[in-house]
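Those protein sequences? They're chains A and B, same order as listed.
Per the numbering used here, the very first residue in the first sequence carries number 8; after that it's consecutive.
Per the numbering used here, the very first residue in the second sequence carries number 315; after that it's consecutive.
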Amino acid sequence: MPADLAELEGMIEAALPGAEVEVIDETGTGDHLRATVSAPQFDGLSRIDQHRLVKAAVKERFDDGTIHALSVKTSLPG
Amino acid sequence: MADPELKSKVEELIQANPVLLFMKGTPDMPRCGFSMRVVQVLDQVDVDYGAIDVLPALQPLREVTAEISDWQTFPQLYVNGELLGGCDLVEEMFESGELAQALGVEQPESAQAPQAQQSAPQQSPPLQIE
Chain A
8 MPADLAELEG
18 MIEAALPGAE
28 VEVIDETGTG
38 DHLRATVSAP
48 QFDGLSRIDQ
58 HRLVKAAVKE
68 RFDDGTIHAL
78 SVKTSLPG
Chain B
315 MADPELKSKV
325 EELIQANPVL
335 LFMKGTPDMP
345 RCGFSMRVVQ
355 VLDQVDVDYG
365 AIDVLPALQP
375 LREVTAEISD
385 WQTFPQLYVN
395 GELLGGCDLV
405 EEMFESGELA
415 QALGVEQPES
425 AQAPQAQQSA
435 PQQSPPLQIE
């Protein structure tokens, strides 16, 4: 089943309230995705911890095999 | 839950190798585009590193790294015992100079991640072999 980009955006927004999230399909195959996330919760975190938050939000879709690769780009709002 | 024996083996390896890459395939023959990109970055910074092919034990190693580093996807680059990141973070930190700093080496003059060089349309997408 192809990934539902809007669902993934919703999962990340739910985990990081106030975040600006965009998820795009890089290859057109639905399983290699890129998430661009700007969230106030990233303040004070290392990059790897910022990525951990994003990956944790969509973990369920990794675990069920819907997505295999998610590139993540994080930033602080502002 | 991860296999305790494998987990302690992995922890030993991470401690024993200042720069350690868990990847799909080998540096000479990467079996995944993301792993290949990290190898290309490490080649550019010209640092000695250990490499472990995760493919023969992919699922057990996922379980181990999930417990050790809260990270389940490969590649994973460890520097001085800490997970630095996967392909995105390694490339981002390479371009910003943070990687060279973490490795204690000079930033190469033309630090450009492989991804940014892949502008040619005939380039095939990264292979993802599970």
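We put the CB at the ideal spot given by N, CA and C, even for glycine.
Extent of the continuous beta strand (DSSP E) to which residue i belongs
i, result
"aspartate 32 of chain A", "27-32"
"histidine 58 of chain A", "Unbroken run through histidine 58 of chain A is the alpha helix (DSSP H), 54-64; no beta strand (DSSP E)."
"isoleucine 366 of chain B", "364-367"
"alanine 42 of chain A", "39-45"
Beta-carbon neighbours of residue i, restricted to chain A and to distances below 9 Å
i, result
"leucine 397 of chain B", "Ile55"
Chain A residues whose Cβ lies nearer than 8 Å to that of residue i
i, result
"aspartate 402 of chain B", "His58, Ser78, Val79, Lys80"
"phenylalanine 348 of chain B", "Ala76"
Within 8 Å, strictly: CB atoms of residue i and residue j
i, j, result
"leucine 60 of chain A", "leucine 23 of chain A", "yes"
"serine 349 of chain B", "phenylalanine 408 of chain B", "no"
Endpoints, alpha helix (DSSP H) assigned at residue i
i, result
"leucine 320 of chain B", "318-330"
"alanine 76 of chain A", "Where alanine 76 of chain A is concerned, there is no enclosing alpha helix (DSSP H), although the beta strand (DSSP E) it sits in stretches over 76-82."
"leucine 12 of chain A", "12-22"
"tryptophan 427 of chain B", "Position check: residue 427 of chain B holds alanine in this sequence, whereas tryptophan was assumed. Note, alanine 427 of chain B: premise wrong, no alpha helix (DSSP H); not H, not E."
"alanine 371 of chain B", "No alpha helix (DSSP H) contains alanine 371 of chain B, which DSSP labels as neither H nor E."
Rounded distance between the beta-carbons of residue j and residue i, thought under 8 Å
i, j, result
"leucine 403 of chain B", "histidine 58 of chain A", "6 Å"
"glutamate 325 of chain B", "isoleucine 366 of chain B", "That pair is no contact at about 13 Å."
Under 9 Å from the C-beta of residue i: neighbouring residues of chain B
i, result
"phenylalanine 69 of chain A", "Gln386, Thr387"
TODO: Pick out the complete beta strand (DSSP E) segments inside the stretch 332-367 of chain B, 3 residues or longer, and give them in chain order.
DONE: As far as the stretch 332-367 of chain B is concerned, its whole beta strand (DSSP E) runs of at least 3 residues are 333-337, 364-367.
TODO: Write down every uninterrupted run of the alpha helix (DSSP H) in the stretch 383-409 of chain B whose length is 4 residues or greater and which is fully enclosed by it, in chain order.
DONE: For secondary structure counted as the alpha helix (DSSP H) over 4 or more consecutive residues, the stretch 383-409 of chain B holds no complete run.
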